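Start counting the sequence shown at 127; every next residue gets the next number (the numbering used here).
Using N, Cα and C, we set each Cβ at its ideal position, and we do this for glycine too.
Model, not experiment: these values are computed from the prediction.
First the structure, in the form of structure tokens, and then the observations on it.
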Amino acid sequence: MQKKFSRRALIKGGLIAGACIPALGLLATDASAAPALAPLSPSDPTAMALGFAENTSKVDAKSYPTHTAAQKCATCAQYTGAAGAARGGCNIFAGHSVPANGWCSAYAKKPGA
Ligand code: SF4
């Protein structure tokens, strides 16, 4: 048996489909709207001024005698990365990501960490 579509049903379906296409475009835009964070370079002037190290085990103990191995970005109050993530954002270095095991002299222990 062959199913017939009325001209009215075809036009109605076309209008609905046409209305959905821009909405899909908005969804795609929202998904890609979050800018990616650029990894912080140790040679960044602010990073150098704060003694930033990509790994807390590489911090110069002579320059930063109060640094301990337990201090790292993942436990810092400025760190905005997700728990368990290898990298995350930092409020000090806006637009950049820092390693979870990194460190700088602006370190402040996150409450409860
Ligand atoms: S402020 Fe904290 S999270 Fe940011 S780089 Fe320094 S130690 Fe890491």
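Inset, instruction - Give the straight-line distance between the Cα atoms of residue 195 and residue 161, rounded to the nearest whole angstrom. - result: 32 Å
Inset, instruction - For residue 208, collect the residues of the same chain with a Cβ closer than 8 Å to its Cβ; drop the 5 residues on either side in sequence, then sort them by chain order. - result: 214
Legend entry - Proximity test, residue 190 beta-carbon vs the ligand SF4 heavy atom, cut-off 7 Å: no
Legend entry - residue 196 - DSSP class collapsed to helix/strand/coil: coil
Legend entry - residue 184 - DSSP class collapsed to helix/strand/coil: helix
Inset, instruction - Run the CB neighbour count on residue 169, radius 10 Å, all protein chains shown included, and call it buried at 16 or more, exposed below. - result: Per the 10 Å Cβ criterion, exposed.
Inset, instruction - Compute the Euclidean distance between the alpha carbons of residue 186 and residue 180, then round it to the nearest angstrom. - result: 12 Å
Inset, instruction - Look at the alpha carbon of residue 226 and the alpha carbon of residue 198, and state the distance between them as a whole number of angstroms. - result: 7 Å
Legend entry - alpha helix (DSSP H) segment containing residue 225, residue limits: From DSSP, residue 225 is part of no alpha helix (DSSP H) but of the beta strand (DSSP E) over 222-225.
Legend entry - Distance, residue 234 Cα to residue 188 Cα: 19 Å
Legend entry - Helix, strand or coil at residue 161 according to DSSP, with G and I counted as helix: Residue 161: coil per DSSP, three-state reduction.
Legend entry - Contact set for residue 182: own chain, Cβ-Cβ below 7 Å, skip 5 residues either direction: 195, 197, 198, 227, 228, 229
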